[in-house]
Amino acid sequence: MGLSSDMRENRIGSGGRRIYNSSFKHIHESMSQQLVSGSLKSRLALSPSYPWMILATIAIGTFMANVDGSILNIALPELQRDFGIELARLQWVVSAYLLVITAILPAMGGLSDRFGRRNFYLSGLFFFTLGSVFCALSGDLNQLLAARLIQAFGASMIMGNSMAIIVTSFPSGKRGQALGIISSVVAIGTLTGPAVGGVLIERGGWPLIFWINVPIGVIGVVMGWLLLPNTKGSVKSGSFDARGAVYFFCAMSGLVLFLSNGHLWGWLGGYSMVSLACAVLGGIAFVREELRVPEPLIDLSLFRRPSFALGLAACYLSYVVMAFPALLMPLFLNMVLDIPLSETGWIMSSQAIAMMVMAPIGGGLADRFGYARPAAFGMLMTLAALLWMASFDFGTGHLQLLGALVLFGGGLGLFMSPNNTSVIEAGPPEKPGVTAGLIATVRNFGRVSGVAFAVLMFGDAATMVLTAPSLAHHISVALMVAAGLTLLALGLSFGRVYGRRKKD
């Protein structure tokens, strides 16, 4: 008699957990054999706190790579004055960073599985720090753009590697909590970038937002050299799918360019159509290549596993939704409620603080009770927060603002770590780097498309100077759309709850 799809999925999931647990034991046994007796690392490896030292080390690079995705936004007016160019051209120093990272992340995750995660992570941190030096010394747009590309190359090596190092460093009972902490680091870095940038620019001008990376990067490299284990996946070093990586780069580059610039070029304009054609043709070529080669960059059969496919879809939607308040609420606070920019920054930071608190809690709940229920409850909180924000008007007070933002950040924090754990555990145990890189790709693509969708909700009004009532109305409509997307993510989460009940 054939096995039902639920039973097969259950066997896959339990088999994956057994492989992860045995993999964890093997890693620590091999570490003990490879490290020289009496060395610092070999002594630390025997300590229960050693995995947490690894996590702290990874958090340094992860935070910097994500902060620099948004920190430059607040520096654009000052850069415009210094370089004497229009804002539309200057926007490329922001877009190019996210574009490169999104397009090459899976490739970086796959390469780290083959050539060693420690050395790959340290190389990424080195390139990121070097790029930061070149950014700070840039005298014109071309120099700054080239330096940002070096930064993005290093950041992709960090992002495509960090979750894989954590997965192979923590036992299954602590893995969710650890992934929750690193998820909060990612989100906090993204959300606090403009606030951190504002403080640094006031102290030392726009170059300081890059110079600050240098001492932190050096500390991160030293800590990584001393603490990180050089683990790798169970894959052949000569089997990397280079052609698939190129096709994926073309597809994602075209799609990111279309979404991030379509409102400027015109959605049916020439540049938009070329970008969309590149995305479609690159995507078709990528799928054909992955179905043909024996060792694909991304095993497309993984998407037949509900935990993997639904988890990635929910991850994408969560970052799309996160972009709406991040873009729109500062406008509402400053231009509708007439709250000063300095106070607006502090109010918006409440979202990041709530996320920082709730993400490790969500990971711990996932370790104890499974990922489905905490993820679903987190999306329910997020939905309630967006509906609350959509009801704001001219009489909205500070407590209401703080309450909605805390609920929103807490809900996303509670959702993200269990969801990431579910995707990691549903992916191939021998290639956690590829899975981690794919999660990071979806995360960055969600950010880009979230901003594009939020702007799209404004229609022609995006190019006009709006009155406060009109702006408040458009923001409310956009937040209702975000609530609809959250409802879809909530459906995916509840679908996994139902799936687990059927298995039980």
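Residue -19 is where the sequence shown starts when you use the numbering used here, and the numbers rise one by one after that.
Just so you know, even glycine gets a beta-carbon here, dropped at the ideal spot from N, CA and C.
Helix, strand or coil: which one does DSSP assign to serine 103?
One-based indexing of the sequence shown puts residue 103 at position 123. Helix at serine 103.
Do serine 149 and proline 286 have their CB atoms nearer than 8 Å?
Within the sequence shown, the letter at position 169 stands for residue 149. Within the sequence shown, the letter at position 306 stands for residue 286. No. Outside cutoff.
How many Å lie between proline 151 and alanine 127 at the Cα?
For the purposes of this step, residue 151 is taken as residue 171 along the sequence shown, with counting starting at 1. For the purposes of this step, residue 127 is taken as residue 147 along the sequence shown, with counting starting at 1. When rounded, the distance between both Cα atoms is 39 Å.
Counting C-beta neighbours from all protein chains within 10 Å, is the total for glutamate 405 16 or more, i.e. buried, or is it exposed?
Position 425 of the sequence shown, counted from the first residue, corresponds to residue 405. Per the 10 Å Cβ criterion, buried.
Going by CA-CA distance only, name the one from Val202, Met437, Asn399, Leu367 that's closest to glycine 41.
As a position in the sequence shown, residue 41 is number 61, starting the count at 1. For glycine 41, the nearest C-alpha among the options comes from Val202.
If you measure between the beta carbons of valine 301 and aspartate 221, is that distance less than 8 Å?
Reading the sequence shown from its first residue, position 321 is the one you call residue 301. Reading the sequence shown from its first residue, position 241 is the one you call residue 221. No, they are not a contact pair.
Buried/exposed call for arginine 427, threshold 16 Cβ in 10 Å
As a first step, residue 427 is located in the sequence shown; it is residue number 447 there, counting from the start. In the assembly as shown, arginine 427 is a buried residue. Its beta-carbon has 16 or more other beta-carbons within 10 Å.
Kindly indicate which three-state DSSP category arginine 485 falls into: helix, strand or coil?
No answer is possible for residue 485: the residues shown for the chain start at -19 and end at 484.
Below 8 Å on the Cβ atoms is my contact criterion, and I expect leucine 125 with valine 73 to pass it. Report the Cβ-Cβ distance as a whole number of Å.
To locate residue 125, count along the sequence shown from 1; it is residue 145. To locate residue 73, count along the sequence shown from 1; it is residue 93. Indeed, because the Cβ distance is near 6 Å, the residues count as touching under 8 Å.
Does the stretch 328 to 348 come within contact of the stretch 165 to 178, defined as at least 3 CB pairs closer than 8 Å?
Touching, yes, given that three or more Cβ pairs across the two stretches are closer than 8 Å.
Just to confirm, is the Cβ distance from alanine 135 to aspartate 48 under 8 Å?
Stepping through the sequence shown from its first residue, residue 135 is reached at position 155. Stepping through the sequence shown from its first residue, residue 48 is reached at position 68. With respect to aspartate 48, alanine 135 sits close: the two C-beta atoms are nearer than 8 Å.
Residue range of the alpha helix (DSSP H) that includes lysine 154
Counting from 1 along the sequence shown, the entry for residue 154 is found at position 174. It spans 152 to 184 - the alpha helix (DSSP H) in which lysine 154 sits, taken as one unbroken run.
Which two residues bound the contiguous alpha helix (DSSP H) that contains aspartate 93?
For this step, residue 93 is matched to residue 113 along the sequence shown. For aspartate 93, the enclosing alpha helix (DSSP H) covers residues 72 to 95.
May I ask you to verify whether the stretch 287 to 300 touches the stretch 392 to 410, counting CB pairs closer than 8 Å and requiring at least 3?
Result yes; three or more Cβ-Cβ pairs closer than 8 Å.
Hey, how far is the Cα of histidine 453 from the Cα of isoleucine 327?
By one-based count along the sequence shown, residue 453 stands at place 473. By one-based count along the sequence shown, residue 327 stands at place 347. Histidine 453 and isoleucine 327: Cα-Cα distance of roughly 21 Å.
Name the residue from Gly185, Val422, Ile138 whose alpha carbon lies nearest to the alpha carbon of leucine 292.
On the sequence shown, residue 292 is found 312 positions in, with the first residue counted as 1. Ranked by Cα distance from leucine 292, the options Gly185, Val422, Ile138 are led by Val422.
Hey, out of Leu360, Val457, Val435, whose CA is closest to threonine 466's CA?
By 1-based counting over the sequence shown, the position of residue 466 is 486. Nearest to threonine 466 by alpha-carbon distance, out of Leu360, Val457, Val435, is Leu360.
Unbroken alpha helix (DSSP H) run spanning proline 276, endpoints
The sequence position of residue 276 within the sequence shown is 296, counting from 1. Here proline 276 belongs to no alpha helix (DSSP H), and DSSP marks it neither H nor E.
Cα-Cα, which of Leu387, Gly153, Leu78 is closest to serine 50?
Within the sequence shown, the letter at position 70 stands for residue 50. Ranking Leu387, Gly153, Leu78 by Cα distance to serine 50 puts Leu78 first.
With alanine 45 and isoleucine 138 assumed to form a contact (beta carbons below 8 Å), what rounded beta-carbon distance in angstroms separates them?
In the sequence shown, counting from the first residue as 1, residue 45 sits at position 65. In the sequence shown, counting from the first residue as 1, residue 138 sits at position 158. 5 Å between Cβ atoms; contact.
Given 8 Å as the limit, is there contact between the stretch 239 to 247 and the stretch 355 to 374, that is, 3 or more CB pairs closer than that?
Note that the stretch 239 to 247 does not touch the stretch 355 to 374; fewer than 3 beta-carbon pairs, one per stretch, sit closer than 8 Å.
Taking contact to mean 3 or more Cβ pairs, one atom from each stretch, closer than 8 Å, check whether the stretch 379 to 393 and the stretch 250 to 267 are in contact.
The stretch 379 to 393 vs the stretch 250 to 267: no contact.
Counting only C-beta atoms, is valine 202 closer than 8 Å to chain D at any point?
Reference to chain D is not applicable here, since this structure consists of a single protein chain.
Is glycine 250 helix, strand or coil when you go by DSSP?
Position 270 of the sequence shown, counted from the first residue, corresponds to residue 250. Here glycine 250 sits in helix by DSSP.
Taking the alpha-carbon positions, what's the leucine 317 to threonine 82 distance?
Looking up residue 317 in the sequence shown gives position 337. Looking up residue 82 in the sequence shown gives position 102. A straight-line Cα-Cα distance of about 36 Å links leucine 317 and threonine 82.
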